[in-house]
Amino acid sequence: MNKNLELITAPLRKTNPVTVLILGICSALAVTAKLKPALVMGLSVTVVVALSNLVISLLRKGIPAKIRIIVQLIVVAALVILVDQVLKAFVYDVSKQLSVYVGLIITNCIVMGRLEAFAMANKPWESFLDGIGNGLGYALILVVVAFFRELFGSGTLLGFQVIPQGLYDFGYVNNGLMILPPMALIIIGVIMWLQKPEEDKK
Amino acid sequence: MGLRKFLDNIKPNFEEGGKLHCFHSLFDAMETFFYVPNKVTLNGAHVRDAVDMKRNMIYVLIALIPCFLFGTWNIGYQHFLSHGETATLWQNFGYGLLKILPLYIVSYVVGLGIEIIFAQIRKEEVNEGYFVTGFLIPLIMPADVPLWMLALAVAFAVIIGKEVFGGSGMNVVNPALLARAFLFFSYPSQMSGDGIWIAEKADAYSGATPLGTILNGGGVDQLPSVMEMFIGTIPGSVGETSKIAILIGACFLLLTGVASFRIMLSTFVGAAAMGLLFNAIGTTTAMEVPFYYHFLMGGFMFGAVFMATDPVTAAQTNTGKIIYGFLIGAMAVLIRVANPGYPEGMMLAILLLNVFAPLIDYCVVAMNIRNRKKRWAKAEERSTK
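Protein chains in written order, with our numbering: chain A, 11 to 212; chain B, 11 to 395.
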């Protein structure tokens, strides 16, 4: 049981897909300007990774090695289309903001990475937990990055004004660079920078 | 000698185990600042030369003094001009000093503070690198830039531009320009446009810089005269307006051998070449601006003399320096003329080439190795015949 728990907790820090494995950077830059799309994106990826891990793990003994990537892609694509339809049905505005990036979950390096590295060689339940863990690890970084970008870039959180009007009257101005993708890269870099010494200690 | 005695007296407090050990970086910095430190390296060969880093940096500071003095005067001059008042030399200068001193205080307190904290954590000495950066930063800002923005930009430039790479001498891009680029992209309304270049400008006065005029489709006839732009009585960033002051600084840097003449010269050649090319095409008013105007407008000359020649971020090989400078000049004019979003191309051109400088060096070295191999093969062939 302890081992299973670690499948979920390890990807949050020690083997975080974004800051340690450097996977899924592209979408982390694109969808983190605001907190809400980042949350939705994180959840969508978690669902897709977990379910595709489960399905591929169930199929793993029957998949011929030569065409395994194609099989994996078909499974992932089917799940992504499902997620996309659900988002369009229930949170249409966010779905519009995320635009192509939901579809691009198919090519998200984390999904393929986990399928290849974990699901192809492990039992379904462990694979499912591994998917949940990695999805949450990705979502965690997305939310942290989006928190700082939305707070300093727009002065809001989840769309609500957080920075008081008085501060603006005093001369405070929202930071335009925070809205631009380079700043997401810099924030991710800073997170890695803070995380690195801890790893070295272990 | 009282100061020396005082420093010696309080020194034991800062050594390992002393009660003020946590401030040893600050003490070290002060001692090095006032006196030549008595530290010697313990092993390995070591070349001693009169031109150490401290002297190099101080030469650059001396070269910047004309720009600083003229820029300070010009802040006051432009301010009173926009209000239609006439002021004496000292009124202009005093007004400018009141504007620029807070910028310097913020720049040095924030920048040196961060440097000292990092030096302390890394158990290194604080070095002189920031003195030049901190002196440059207010000179490339509009005089009215809010102080908290400046503090943020300095912190960003020193931490992200310099300390994450390992401190002075390890930085990839010029920290002073990075501070400006940070403000330029973060707070465009405070860093570009026509309204910000004159301190507390009167509303009715235009206050457009020559580059701003060109950007908005103005022709050469709407620009200030060549003489005005050369002397520097035009609105702009604090240090960049007077070409005479910059040239004095450039002569000093070249005579003392601190800056590379290859970079400076090739930057001008690059800009002239690009300018002439655009003159030959000449389909828009921006393209028709005579090439030598690009030397006089905006921060081109300041960048070419003080920024592009930064020995840390420039190319290191001699051929590389020429390529590096040429591309900076060409890119700067290209951005100015062809890009409708950014009137000042010099900052972006230098930052871009800073990033490419190691690649240029790599190619130059690789080419050299290949050429020598060819020569060697030929000589071999001849000797066997």
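Every residue, glycine too, gets a C-beta built ideally from N, C-alpha and C.
Item, Value
"Any non-hydrogen atom of the ligand GTP within 7 angstroms of residue 184/B CB", "What this structure holds is no ligand at all, so the ligand GTP is not there to describe."
"Separation of residue 186/A from residue 139/A, as counted between CA atoms", "39 angstroms"
"Close beta carbons around residue 282/B, own chain, < 7 angstroms, minus the five adjacent residues each side", "301"
"Residue(s) in a DSSP beta bridge with residue 166/A", "171/A"
"Of the residues 123/A, 131/A and 192/A, the one placed nearest residue 163/A, counting alpha carbons only", "192/A"
"DSSP-derived helix/strand/coil call for residue 190/A", "coil"
"Which of helix, strand or coil DSSP assigns to residue 323/B", "coil"
"Three CB pairs or more closer than 8 angstroms across the region 46–53 of chain A and the region 117–130 of chain A", "no"
"Rounded C-alpha distance that separates residue 89/A from residue 95/A", "10 angstroms"
"Rounded Cβ spacing between residue 256/B and residue 312/B (contact assumed at less than 8 angstroms)", "6 angstroms"
"Residue interval of the alpha helix (DSSP H) (run including residue 302/B)", "From DSSP, residue 302/B is part of no alpha helix (DSSP H); its letter is neither H nor E."
"Three CB pairs or more closer than 8 angstroms across the region 106–122 of chain B and the region 264–271 of chain B", "no"
"Straight-line Cα distance separating residue 87/B from residue 211/B", "11 angstroms"
"Assumed close pair residue 155/A, residue 38/A - CB separation to whole angstroms, cut-off 8 angstroms", "6 angstroms"
"Positions along the region 155–174 of chain B whose CB lies within less than 7 angstroms of some CB in chain A", "156, 170 and 174"
"Test item: CB-CB of residue 314/B and residue 278/B under 8 angstroms", "yes"
"Host alpha helix (DSSP H) of residue 84/B (start-end)", "63–92"
"Straight-line Cα distance separating residue 148/A from residue 54/A", "11 angstroms"
"Any 3 or more C-beta pairs closer than 8 angstroms across the region 159–167 of chain B and the region 202–221 of chain B", "no"
"Contact with chain A by residue 45/B, beta-carbon distance below 8 angstroms", "no"
"Chain A contacts from the region 187–208 of chain B (Cβ-Cβ distance under 8 angstroms)", "192, 195, 196, 197, 198, 199 and 200"
"Residues within the region 133–158 of chain A neighbouring chain B, beta-carbon criterion of under 9 angstroms", "none"
"Neighbourhood of residue 87/A by C-beta distance below 8 angstroms, restricted to the same chain and skipping five residues each side", "116"
"8 angstroms Cβ cutoff met for residue 117/B and residue 76/B", "no"
"Contacts that residue 35/A makes with chain B (C-beta to C-beta distance below 8 angstroms)", "Here the premise fails: no neighbours, minimum Cβ distance about 18 angstroms."
"Residue 22/B - DSSP class collapsed to helix/strand/coil", "helix"
"Cβ contact (3+ pairs, closer than 8 angstroms) linking the region 146–160 of chain B and the region 172–179 of chain B", "no"
"Chain B contact for residue 190/A (CB, 8 angstroms cutoff)", "yes"
"Nearest-angstrom Cα separation, counted from residue 168/B out to residue 176/A", "30 angstroms"
"DSSP three-state assignment for residue 38/B, whether helix, strand or coil", "helix"
"Whether residue 13/B touches residue 44/B by CB criterion (8 angstroms)", "yes"
"Contact set between residue 183/A and chain B, taken where Cβ atoms lie within less than 9 angstroms", "156, 159, 196, 197, 199 and 200"
"Spatial distance of residue 65/B from residue 244/B (CA atoms)", "33 angstroms"
"Option nearest residue 310/B by Cα separation, candidates 187/B, 92/B, 214/B and 209/B", "187/B"
"Residue burial classification, residue 184/B (beta-carbon count within 10 angstroms, cutoff 16)", "buried"
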